[in-house]
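A.B. asks:
Chains as they are written, first to last, in the numbering used here: chain D, 13 to 787; chain W, 197 to 662.
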């Protein structure tokens, strides 16, 4: 999360030393001012500083150890909300624990904090947690968990208020790098893949786009080098993994680099300039960047034992590796131009990059792939018109941005180049693409829905007996269901689109239709269901069972769109992929918790303390014939100490008990007598943030339909979109932008594209705040 | 304005995990190493139960069809010194044989340790090595590696196999809360990333030095001109520090090349363990290839901490037909059918065989700067990532500990059976890690693990240490 205040925390340590200034103090947190020492009469803040260093730092360090779950080193650490109790700051929680005789902090056998120290902490909290130099320090506006913010305040715009998000840089992530170099994000068991790069987004953050702390550590660089070496190949006239850069063949100005034993500076600068602009930076390099890389290239070429095509290719690879190690390659800039009134406007290049990554998950002019017989994009690269608009400055005009959004957000397949789903050329062959739904979304836009709904990892959630308690098990089709379910995830025996792809296609349809998008997502019954018409193996013969469909659907695009019964499904939360992604391993596992937690956090933007804060063995009891998931969970969590958190999740998760852990509709469930009974999805919602949601609920179908009508849920959806596409959590200074996004959505009949266009043409999108001195 | 050095030194930070480690890198006086080997499908108590201990326990322990026999556990720890560990169905590789030294008297088996906080199921994720809820804390390897590093180029090597179709997975190890550490599950990539600098000779070394020098100059320039706030600045500062460390490592590795080269395994393209592994790959072959890399890295002094995890982030690994013609998950779910239990036990036995091979190699290598062999200064822990069975309850975590005699470990051929999970004198997996912390020289290493109020007792296991 934001570490704006870390430096401030450091400053406070320096100030604590009284007359020792920054030039002579290294800011060592283990050497704070001593209470009652030579400085004498130190403020409570300085005493607290000492307490932290002497009593807390050994466990609550930068890398918490010995069971500690959070660092307590800086002003920021103390001020932020406790993960255990969002209403309290870490400082307040620390005071409670220090006074807790039953479970004190520091824990035994360490010496407890003295009464004076605890009093100092209490005083300091009451004083508003100031720096010990007597100032308030930077405003503590940063809230680590956006779901702790008041939603109503987030949609209350004070005219003239502008976003306080500062300038920043963002490290390219795994998927983005792969796309930029023309790689596929699908892979087989063996062989090289650009997707093997180690640039995974942080596991801490909700969306991969945030990149709040991402950088490159030693291990990441080491693992990146073997991968990035292959990215040089197009510039050496070789093609790995199908990625192409035909300009090297078609433009004879490149030939000198391959043919001359001692290429001139002009020759090198051309080659390297093109490499940086269209293969590494995806923007024109600065003169200085190009000059330095050219000098490096000169040194490398001079080391060739002799001139040969292979030696030159090796040299170009070394040069490319060096280019990829440049900060301009690994970090996207949102630093803007010349400051004015404390703000900067993003440069045209920065706007182009921001737009391209947001919509298409790759850089403007990203390298195309060649998958016989098609190129995935024109030879100029993917989103070449974004690159052009960035270069000629037209991207600063909203009309240009709007047109590009319309082009790249998504659409209906038009058999471009005479082939279906041209957007998937990089990853799938023509036969696979021909079975997909006709609606498509840009990689970036699709990524939002995948990450928001959290279903991309579905294949990693193991399912024991996927059809358990469904009619298919009762009908003796448990084995068929199981092997078909595995095949839906792995496509080991390819026939139909995978589970994830089926969900992708449903979402794409609703988004591209662009009317009442959220409500339709939550209520649509028209699912993209696999056909079993051409089933050859057992692993094909139950492909549509998770949808409770046993009829043989036509193996056509139109035939796969199937309207499911109103009593069985309503929208994405009743889709078997979402249910499986947020379900347990067994049919009687506490999927209720996982699903309820998701709804609370992602549709109601509510806060649930993380499990890492709960130091108990949070698990249900053994499986038993007379206990269904509902009963197992209730036995484990009925206590008041559990319900503090579980009341936030369980009422919202219980309605999904009409489905099993894998998303199959249950035909029966365990009864208390040890036999079977009718599945029960009933629940009662109370104290919902939107009172219209309160009341009894029959099952997940009714729950989804109710959620779809809630303005509160809609606002949460707007917030989620903001988070993903802006690449950061929202805060109160974003209220005007959020308000306008909501207005655009409402005024255009629930149009997602209009909402997104409003964001991407907003002041928040186009400008940043210049950091204050010392921030 | 503070310098980058000042900020780094003053703040350490999760952002700076590698450098934070470095601060404490020199804190262990005597040579000491840790190898954690995880079988990520459960390790059954029966597999590690010697015939003598079986008889001593009596009751259900004598029923060979009972893989769990908790009702036979006593109310106080049962310590059986001089136990014939090799009589256990999966511990045969510990026995002496022609050309192989006896490892029974260098080993200890621990039964009965619980870790309910880690959760069970198919995998406890990082819970196995953190004694915490999955994702809630740093794993033991990450916590202890700085103490063991003693200037080695790599703080930890994390290698494994997986049924996931990726090269790096993130399920088993963590640098901190929700901060997973990657495990390389592709032996070819592991080989390249571990030995790449050593293999290329002087030309490769020169190339890498030039590369890092160029990148360093670029990143330092970018940092000097950077106008963002401190958080954004930290990203560049950390990158600069990474490059500085890598550049320094190049010189270090260059100086170690002659020392490491004799131990290097075959290159991936020539290694039959990889070329003949099939598709999907035979997990045992790939795991052996990872052991080869780990062994070379330990012998060559490239690291002092290793994690080897088979079936991590994807437990449905495959084996060669002579072991099993069905993948691991199918084996487990048909455990009572045919020869499946024997096959599972055989897989565990083969994993122990790899442990034994590593141990014997270390035992044959004199320790530099201390008496005894490298094995005397190396603790090898073989365990599961979820507990006592495929769908575990995490009530028991059977452990095999090999080596580390010079560290004070009572690996003298004993079996210790602790009271079962709900008994007053039960002990937890965190106590084992506390024990290792003490053995590695930290006398205050008593509370690793996040059991909180459910911690039974802090500190080391007296039956294993002291």
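The beta-carbon is built from N, C-alpha and C at its ideal position, and this holds for glycine as well.
All values reported here derive from a predicted model rather than from experimental measurement.
1) Give me the Cα-Cα distance between residue 142 (chain D) and residue 775 (chain D), rounded to the nearest whole angstrom.
2) If you run the structure through DSSP and keep just helix, strand and coil, what is residue 661 (chain W)?
3) Buried or exposed: where does residue 162 (chain D) fall if 16 or more other Cβ atoms within 10 Å of its Cβ makes it buried?
4) Tell me, to the nearest whole angstrom, how far the beta carbon of residue 675 (chain D) is from that of residue 588 (chain D); I am working on the premise that it is less than 8 Å.
5) For residue 376 (chain W), list the residues DSSP reports as bridge partners.
6) In three-state terms, what does DSSP make of residue 426 (chain W)?
7) In angstroms with no decimal places, state the Cα-to-Cα distance between residue 553 (chain D) and residue 498 (chain D).
8) Assess, as a yes-or-no matter, whether the stretch 209–221 of chain D is touched by the stretch 182–190 of chain D under the definition of 3 or more beta carbon pairs within less than 8 Å.
9) If we ignore side chains and look at the alpha-carbon of each, how far apart do residue 279 (chain D) and residue 361 (chain W) end up?
10) In this structure, what does DSSP give as the bridge partners for residue 505 (chain W)?
11) Can you tell me where the beta strand (DSSP E) holding residue 261 (chain D) begins and where it ends?
12) Based on the DSSP output, what are the partners of residue 122 (chain D) in its beta bridges?
13) Taking only beta-carbon atoms, is residue 340 (chain D) less than 9 Å away from chain W?
14) In angstroms, rounded to a whole number, what distance separates the CA positions of residue 584 (chain W) and residue 770 (chain D)?
15) Check whether the stretch 539–546 of chain W and the stretch 279–293 of chain W touch, using three or more Cβ-Cβ pairs below 8 Å as the test.
16) Distance cutoff 9 Å, beta carbons only. Does residue 652 (chain W) sit that close to anything in chain D?
17) Are the stretch 497–506 of chain W and the stretch 232–252 of chain W touching, with three or more C-beta to C-beta distances below 8 Å?
18) May I ask which residues mark the beginning and end of the alpha helix (DSSP H) holding residue 10 (chain D)?
19) In chain W, which residues lie less than 9 Å from residue 170 (chain D) when you measure between Cβ atoms?
20) Compare the beta carbon distance of residue 781 (chain D) and residue 750 (chain D) with 9 Å and say whether it is the shorter of the two.
21) If the cut is a Cβ gap below 7 Å, which residues of chain D does residue 614 (chain W) touch?
22) Please state the DSSP three-state secondary structure of residue 688 (chain D).
23) Where does residue 337 (chain D) sit, in a helix, a strand or coil, going by DSSP?
24) Jot down the residue ranges of each uninterrupted beta strand (DSSP E) in the stretch 547–587 of chain D, minimum 3 residues, whole runs only, in chain order.
25) Would you list the residues sitting across from residue 364 (chain W) in a DSSP beta bridge?
26) Pick from D:544, D:230, D:460: whose alpha carbon is nearest that of residue 5 (chain D)?
27) Which parts of the stretch 512–571 of chain W are runs of the alpha helix (DSSP H), unbroken and 4 residues or longer, counting only runs that do not cross its ends?
28) In three-state DSSP terms, what is residue 178 (chain D)?
29) Grab me the residues of residue 377 (chain D)'s own chain with a C-beta within less than 6 Å of its C-beta, minus the 5 sequence neighbours each way, in chain order.
30) What did DSSP end up calling residue 653 (chain W) once you bin it into helix, strand or coil?
31) In its own chain, which residues sit with a C-beta less than 6 Å from the C-beta of residue 223 (chain W), not counting the 5 before and 5 after it?
32) Whole angstroms is fine: what's the gap from residue 665 (chain W)'s alpha carbon to residue 613 (chain W)'s?
33) Could you tell me which whole beta strand (DSSP E) segments of length 3 or greater appear in the stretch 679–750 of chain D?
34) For a quick check, are the C-beta atoms of residue 298 (chain W) and residue 292 (chain W) less than 9 Å apart?
35) Take residue 607 (chain W) and list the residues in its own chain whose beta-carbon comes closer than 7 Å to its own, dropping the five residues that flank it on each side.
36) Are any of the Cβ atoms in chain W nearer than 9 Å to that of residue 672 (chain D)?
C.D. replies: Quick answer:
1) The residue given as residue 142 (chain D) occupies position 130 in the first chain. The residue given as residue 775 (chain D) occupies position 763 in the first chain. When rounded, the distance between both Cα atoms is 33 Å.
2) The sequence position of residue 661 (chain W) within the second chain is 465, counting from 1. In the structure shown, residue 661 (chain W) sits in a strand (DSSP, three-state: E or B).
3) Mapped onto the first chain, residue 162 (chain D) falls at position 150. Classification for residue 162 (chain D): exposed.
4) In the first chain, residue 675 (chain D) corresponds to position 663, counting from 1. In the first chain, residue 588 (chain D) corresponds to position 576, counting from 1. Confirmed, about 3 Å.
5) Position 180 of the second chain, counted from the start, is the residue given in the question as residue 376 (chain W). Partner(s): W:370.
6) Here residue 426 (chain W) refers to the residue found at position 230 of the second chain. Of the three classes helix, strand and coil, the one that applies to residue 426 (chain W) here is helix, per DSSP.
7) If you number the first chain from 1, residue 553 (chain D) lands on position 541. If you number the first chain from 1, residue 498 (chain D) lands on position 486. C-alpha separation (whole angstroms): 12 Å.
8) yes
9) In the first chain, residue 279 (chain D) corresponds to position 267, counting from 1. In the second chain, residue 361 (chain W) corresponds to position 165, counting from 1. Cα atoms of residue 279 (chain D) and residue 361 (chain W): separation of roughly 42 Å, rounded to the nearest angstrom.
10) The residue given as residue 505 (chain W) occupies position 309 in the second chain. Beta-bridge pairing links residue 505 (chain W) to W:234, W:356.
11) By 1-based counting over the first chain, the position of residue 261 (chain D) is 249. Careful: residue 261 (chain D) lies outside any beta strand (DSSP E), inside the alpha helix (DSSP H) at 259–262.
12) The residue given as residue 122 (chain D) occupies position 110 in the first chain. Answer is none; residue 122 (chain D) lacks a bridge partner.
13) Locating residue 340 (chain D) in the first chain gives position 328, where the first residue counts as 1. Closer than 9 Å: yes.
14) For the purposes of this step, residue 584 (chain W) is taken as the residue at position 388 of the second chain. For the purposes of this step, residue 770 (chain D) is taken as the residue at position 758 of the first chain. Using only the alpha carbons, I get a separation of about 55 Å.
15) Yes, the stretch 539–546 of chain W is in contact with the stretch 279–293 of chain W.
16) On the second chain, position 456 is the one that residue 652 (chain W) refers to. Chain D contact via Cβ: absent.
17) Contact between the stretch 497–506 of chain W and the stretch 232–252 of chain W is present, because at least three Cβ pairs lie under 8 Å.
18) Beyond the ends of chain D as shown, which are 13 and 787, falls residue 10 (chain D); an answer cannot be given.
19) Against the first chain, residue 170 (chain D) aligns to sequence position 158. Those within 9 Å of residue 170 (chain D) in chain W number zero; the least Cβ separation is about 24 Å.
20) Residue 781 (chain D) sits at position 769 when you count from the first residue of the first chain. Residue 750 (chain D) sits at position 738 when you count from the first residue of the first chain. It is not a contact, given that the beta carbons lie outside the stated cut-off.
21) Position 418 of the second chain holds residue 614 (chain W). Neighbours of residue 614 (chain W) on chain D: none; closest Cβ ~18 Å, over 7 Å.
22) Here the question's residue 688 (chain D) lines up with position 676 in the first chain. DSSP places residue 688 (chain D) in strand when its eight states are reduced to three.
23) For the purposes of this step, residue 337 (chain D) is identified with residue 325 of the first chain, where counting begins at 1. Coil, per DSSP.
24) Complete beta strand (DSSP E) runs here, min 3: 573–575.
25) One-based indexing of the second chain puts residue 364 (chain W) at position 168. Answer is W:380.
26) The structure shown does not extend to residue 5 (chain D), since chain D spans only 13 to 787, so no value can be given for it.
27) Fully enclosed alpha helix (DSSP H) runs of 4 or longer: 524–529, 536–559.
28) For this step, residue 178 (chain D) is matched to residue 166 along the first chain. In the structure shown, residue 178 (chain D) sits in a strand (DSSP, three-state: E or B).
29) On the first chain, position 365 is the one that residue 377 (chain D) refers to. In chain order, 290, 294, 393, 396, 399 place their CB closer than 6 Å to the CB of residue 377 (chain D), counting only its own chain and leaving out the 5 sequence neighbours on each side.
30) Looking up residue 653 (chain W) in the second chain gives position 457. DSSP places residue 653 (chain W) in coil when its eight states are reduced to three.
31) For the purposes of this step, residue 223 (chain W) is identified with residue 27 of the second chain, where counting begins at 1. Low confidence applies to residue 223 (chain W): its pLDDT is 43, below 50, so where it sits in the model is not reliable enough to give any reading.
32) Because chain W is modelled from 197 through 662, residue 665 (chain W) falls outside the range shown and cannot be assessed.
33) 695–697, 707–709
34) Numbered from its first residue, the second chain carries residue 298 (chain W) at position 102. Numbered from its first residue, the second chain carries residue 292 (chain W) at position 96. Yes.
35) Reading the second chain from its first residue, position 411 is the one you call residue 607 (chain W). Counting only Cβ-Cβ distances below 7 Å, and skipping sequence neighbours, we find 302, 303, 304, 597, 598, 599, 600, 601.
36) For this step, residue 672 (chain D) is matched to residue 660 along the first chain. No, residue 672 (chain D) does not count as interfacial toward chain W.
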